[in-house]
Structures are given as structure tokens and as C-alpha cells.
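Q: Chains as they are written, first to last, in the numbering used here: chain A, 5 to 263; chain B, 12 to 218. Note that CB positions come from ideal geometry on N, CA and C, so glycine has one too.
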């Protein structure tokens, strides 16, 4: 009996040591500068911090409120399907795209609303630039808030070109210069190279961030439409690496790459 | 003749206009806060800037120098070397690398097949330091407690924590731990925190 008890004790010590190792990982590293409740838990309802210039400080590690378990992409987004009205050109494009086109299957980047719809992302504010680090594809995006204008004749890209300015406590980001190779989720909705996305970032309190996307693409939609996302801060953890092509075994089974 | 002259004039105007459009792109947007010589050119020999804490500030967009002193690209090319991304060419020519025998064997094997089979063939990302030896530039942004590197190559980033945290003790956790601690978040494989990728082209395996 005694030997069995000692064995139990060793097991308990082993478990304790293992949990110490786990807590030493960055997935659980306590973040500095987070307001806390009396019991040590982060106080996500504390007021939003402000940067020295008086603007809300958007920095932090954020994740969407909606759990990334839904299989239906539509349910990840807050939007009004009735607001999304395709032009004739848009309808034709959507028909073609829905038949046989999925850039994500080839590890190509996602559109902006989707990038923040499932995985965590980190916002960092620097002088003149807001940087967004996306866990999805371990990629980043720069939003210039130094007063520059959008490029007039940009080389089209997956992420576009972004400039931001403050309207009160809201950071308004204008992005254009997209290629026409992507969908806008929800619903595999196409866009053209005329796409403009206006994002409105608002940090309601310490632990809550809202992003509203206005999708404006007159070639594809008869009027602009909006998507809303609600996010919360995830304290005391870090972004993980995400390499889509790792251990890739699917490409050879795919048929068709039509647009 | 006069018509041809006018056509040429219009061509000239069109060329001028298009070059104005080009300068409106961010590829040529003047960087604020850069030390400049009297003629407006960037002064790359000015003293390194320092942050508020007195430490050197590495912030900026950087690109590699071609080769370390003592190496000559033409000589290398003449000897059949197809890339200058090998770590060796960024080290002094008389430097040697204290390989473990198994690692040297792997290195030789990779060298003999001219780097064929490298992870980048499958669009897998380059590691450290290869990511900084590639021709595309990278941007360093330095903040309190964190320095980030934004790589043009693969559009990837890297975070360097300078807030005093210790290196993770067990950076390759099991599926069980991930599931319990972070729910739906992705599990990615690592090897001592570094993927088992080549460290540099024709490269050396990470320990």
C-alpha cells in the first residue's frame, strides 16, 4: 500500500512539473500592461487605453467572438444578405467562380474580412503605421496613417494598399489596389479590381474591438454593403505559426483551376 | 512632317504623365526621418539612430549586401555556383563551420544535388537566416518589448520578444495540450522551435 502511495505521489509530482512546463510556454505567458481584477484575471471591461496623442490604442492580440466551428461561412459574418445585390457582370463572375475556383485550396491568401473571421490577429501601432499580424498564413498588412494618399496606379495585390485616418475614436481605413483573384466571404462572392474596402476599427473598451467592413465594388455590386465583426482581446498568449503548404498532399487530387 | 512632330510631342507628354503616375506609387514615397545629404540623397553613413531607451534603433527597410568581403560573385559563378544565398558567402572565406558529422553528411548530400528538394520548391517558407539572405528586402520595426521583422518574401513576419520572457521550455507541445489549452487553435509542428527546413540554400540543417 505504501509503495502504491509513493507511486501516486511521484505521479502527482510529475503532473505538477509537466504543468509548470506548459505554463512556461508562450501560449500562456502573462502579458504586461493588462488591467486585472482582484483575483488576477484580466479585466476586459476596463476603459480602452489611449496612446500619447489621445487616440484609442488598438494594439493587442484579438480573436473573433464567433467560435470558428461553424462549417457554413455565412454564419461567421454579421451581414444582411438582402443588401448584397450583384450587377449583371457580377452575376456572371459569381457563376463562374462558384463552379470551380477556390484560391484557399491552393494556399493563396484570403480576403480581408476572412483573415480576421477565424484566427487570432495582432494589431501593433507604430508612429505613422498600424501593422496587423495575421495568424492565418503568418502574414502581415501595413496601414499607413502618415497622411499619404492611396497610390493612383498600383500594382494589384492580394492585400491591397491601405491608408487610415481617425474620425473621433474610430480608425477609418481605406483599401484599394486589389487583384481580382479573390472571393469575398461570406458566400464566395466575387470582386473585381475596382474593389474598395472601408474598414472602421473601434475599441469599445479594453477587451473589445469592432471592425465594420464596407465593400464597395461598382463593377460587381449595385451598391456598397457591410460586414460587421466583433472581437475580444486574448490576454497572456501569442500567435502561432501557420504554414498552409506544410505536409501538402491535396494539390495532385484537385481538378480545374478555372476562375 | 508637322503631324509626326505633334505625334512625338503627345508621346512625350504621355511618357511624362505616366512617370508622374509612377512616382505617385509608394515604391517611391519619400521615407520620413531619414538622414539626408545636402543634395537630398539618403545619408547612409550618418550615425545610427537610437531609441528613447538609448539602444540602437534597427527600424527601417533593409536589403542584404551582395557578399561578405573576400568573396567574388564572378569567381563563384565561374566555378558553377548558382546562388549567393549560401551562408558561406556571407562569412569570411577562411571561416569554417564546426559541423557534427551527421550534419556535414546531410549538408554534402544537399550540396551534391544542387539544393534540389529544398522546402521552397513547395512554397514552404525560408528559415533564419535564409529569409534575410534572399534578394527581397525586409522591414524591421522596433517597439517597447517587441521587434518585428516583416519579410517581403512570402509576405511573412517574425516576432522577437525583448520583454525579458524566457525562451519556451517545450515549444513543440502535444496535440492533447493544445486541445486543452487553446481549443480550436491550429496545431503546427516545430522542431526545437525551428522547422526542419534548410537554414540557407544548399543549406545547413538546424540542430
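Identify, in the order they occur along the chain, each residue of the same chain with its Cβ nearer than 7 Å to the Cβ of residue 102 of chain B, setting aside the five sequence neighbours on each side.
A: Numbered from its first residue, the second chain carries residue 102 of chain B at position 91. Correct list, in chain order: 79.
Q: Curious, which full-length beta strand (DSSP E) runs of at least 3 residues does the stretch 116-168 of chain A contain?
A: Those beta strand (DSSP E) runs which fall completely within the stretch 116-168 of chain A and span 3+ residues are 125-130, 133-138 and 143-148.
Q: By the 10 Å Cβ neighbour count, where 16 or more other Cβ atoms means buried, how is residue 132 of chain B classified, buried or exposed?
A: In the second chain, the residue the question calls residue 132 of chain B occupies position 121. Counting Cβ neighbours within 10 Å, residue 132 of chain B comes out exposed, since fewer than 16 surround it.
Q: Which same chain residues end up closer than 7 Å to residue 173 of chain A when comparing Cβ atoms and leaving out the 5 residues on each side of it in sequence?
A: Position 169 of the first chain, counting from 1, holds the residue named residue 173 of chain A. Answer for residue 173 of chain A: 60 and 206, listed in chain order.
Q: For residue 225 of chain A, which beta-bridge partners are listed by DSSP?
A: Residue numbering aside, residue 225 of chain A sits at position 221 when the first chain is read from its first letter. Residue 225 of chain A pairs with A/90.
Q: May I ask which residues mark the beginning and end of the alpha helix (DSSP H) holding residue 112 of chain B?
A: Your numbering for residue 112 of chain B matches position 101 in the second chain. That run of the alpha helix (DSSP H) goes 112-123.
Q: Got a sec: which bits of the stretch 124-135 of chain A sit with their beta carbon under 8 Å from any beta carbon on chain B, in order along the chain?
A: Under the 8 Å Cβ criterion, the stretch 124-135 of chain A contributes 124, 128, 130, 132, 133 and 135.
Q: For residue 174 of chain B, go through chain A and note every residue whose CB falls closer than 8 Å to its CB, in chain order.
A: One-based indexing of the second chain puts residue 174 of chain B at position 163. Result: 36.
Q: Which residue or residues does DSSP assign as beta-bridge partners of residue 235 of chain B?
A: With chain B running from 12 to 218 in the structure shown, residue 235 of chain B is simply not present.
Q: Along the chain, where does the beta strand (DSSP E) containing residue 214 of chain A start, and where does it finish?
A: Position 210 of the first chain, counted from the start, is the residue given in the question as residue 214 of chain A. 212-220 is the span of the beta strand (DSSP E), which, as asked, contains residue 214 of chain A.
Q: In three-state terms, what does DSSP make of residue 258 of chain A?
A: Counting from 1 along the first chain, the entry for residue 258 of chain A is found at position 254. Coil.
Q: DSSP three-state label for residue 192 of chain A, please.
A: Translated into the one-based positions of the first chain, residue 192 of chain A becomes position 188. Looking at residue 192 of chain A - three-state DSSP - the assignment turns out to be coil, as it is neither helix nor strand.
Q: Spell out whether any CB of chain B is found under 9 Å from the CB atom of residue 178 of chain A.
A: As a working note, residue 178 of chain A is residue 174 in the first chain. False, the Cβ-Cβ gap to chain B never drops below 9 Å.
Q: Examine chain B for any beta-carbon lying closer than 9 Å to the beta-carbon of residue 1 of chain A, and answer yes or no.
A: Nothing can be reported for residue 1 of chain A, as the shown portion of chain A is limited to 5 through 263.
Q: Counting only beta-carbon atoms, is residue 84 of chain A nearer than 9 Å to chain B?
A: Counting from one through the first chain, the residue named residue 84 of chain A turns up at place 80. Cβ-Cβ to chain B under 9 Å: no for residue 84 of chain A.
Q: Give me the Cα-Cα distance between residue 237 of chain A and residue 211 of chain A, rounded to the nearest whole angstrom.
A: Here residue 237 of chain A refers to the residue found at position 233 when the first chain is read from its first residue. Here residue 211 of chain A refers to the residue found at position 207 when the first chain is read from its first residue. The alpha-carbon atoms of residue 237 of chain A and residue 211 of chain A are separated by roughly 5 Å.
Q: Could you please give the first and the last residue of the uninterrupted beta strand (DSSP E) stretch that includes residue 203 of chain A?
A: Here the question's residue 203 of chain A lines up with position 199 in the first chain. It spans 200-209 - the beta strand (DSSP E) in which residue 203 of chain A sits, taken as one unbroken run.
Q: Provide the residue span of the beta strand (DSSP E) that contains residue 78 of chain B, from first to last.
A: Here residue 78 of chain B refers to the residue found at position 67 of the second chain. Per DSSP, residue 78 of chain B belongs to no beta strand (DSSP E) and is neither H nor E.
Q: Which stretch, first to last residue, makes up the alpha helix (DSSP H) that contains residue 65 of chain A?
A: Mapped onto the first chain, residue 65 of chain A falls at position 61. Unbroken run through residue 65 of chain A is the beta strand (DSSP E), 64-68; no alpha helix (DSSP H).
Q: Counting pairs of beta carbons, one from the stretch 151-165 of chain A and one from the stretch 85-105 of chain A, are three or more of them closer than 8 Å?
A: The answer is no - the stretch 85-105 of chain A does not touch the stretch 151-165 of chain A, with fewer than three Cβ pairs under 8 Å.
Q: Can we say the stretch 220-227 of chain A touches the stretch 26-45 of chain A, given the rule of at least three CB pairs closer than 8 Å?
A: Output reads no: the stretch 26-45 of chain A does not touch the stretch 220-227 of chain A.
Q: Give the DSSP-derived three-state secondary structure of residue 110 of chain A in the structure shown.
A: Taking the first chain and counting its residues from 1, the one referred to as residue 110 of chain A is at position 106. Reduced to three states, the DSSP call for residue 110 of chain A is helix.
Q: Determine the burial state of residue 95 of chain A: buried for a count of at least 16 other Cβ atoms within 10 Å of its Cβ, exposed for fewer.
A: Locating residue 95 of chain A in the first chain gives position 91, where the first residue counts as 1. By the neighbour-count rule (16 or more Cβ atoms within 10 Å), residue 95 of chain A is not buried but exposed.
Q: For residue 136 of chain B versus residue 176 of chain A, is the C-beta distance shorter than 9 Å?
A: For the purposes of this step, residue 136 of chain B is taken as the residue at position 125 of the second chain. For the purposes of this step, residue 176 of chain A is taken as the residue at position 172 of the first chain. Not a contact, by the Cβ cut-off of 9 Å.
Q: Between B/157, B/155, B/125 and B/166, which has its C-alpha nearest residue 143 of chain B's C-alpha?
A: Locating residue 143 of chain B in the second chain gives position 132, where the first residue counts as 1. Comparing Cα positions, the closest option is B/166.
Q: When you compare only the Cα positions, how much space is there between residue 124 of chain A and residue 65 of chain A?
A: In the first chain, the residue the question calls residue 124 of chain A occupies position 120. In the first chain, the residue the question calls residue 65 of chain A occupies position 61. So the alpha carbons of these two residues sit roughly 7 Å apart.
Q: Taking all protein chains shown into account, do 16 or more other C-beta atoms lie within 10 angstroms of the C-beta of residue 107 of chain B, making it buried, or fewer, making it exposed?
A: Counted from its first residue, the second chain places residue 107 of chain B at position 96. Result: exposed.
Q: Are the C-beta of residue 247 of chain A and some C-beta of chain B separated by less than 9 Å?
A: Working through the first chain from its first residue, we reach residue 247 of chain A at position 243. Closer than 9 Å: yes.
Q: DSSP puts residue 152 of chain B in a beta bridge; with which residues?
A: In the second chain, counting from the first residue as 1, residue 152 of chain B sits at position 141. DSSP, once it has assigned bridges, lists B/159 as partnering residue 152 of chain B.
Q: Let me confirm a value: residue 233 of chain A is counted as buried when at least 16 other C-beta atoms fall within 10 Å, else exposed. Which label applies?
A: As a first step, residue 233 of chain A must be located in the first chain, where it is residue number 229. Buried, by the Cβ-count rule.
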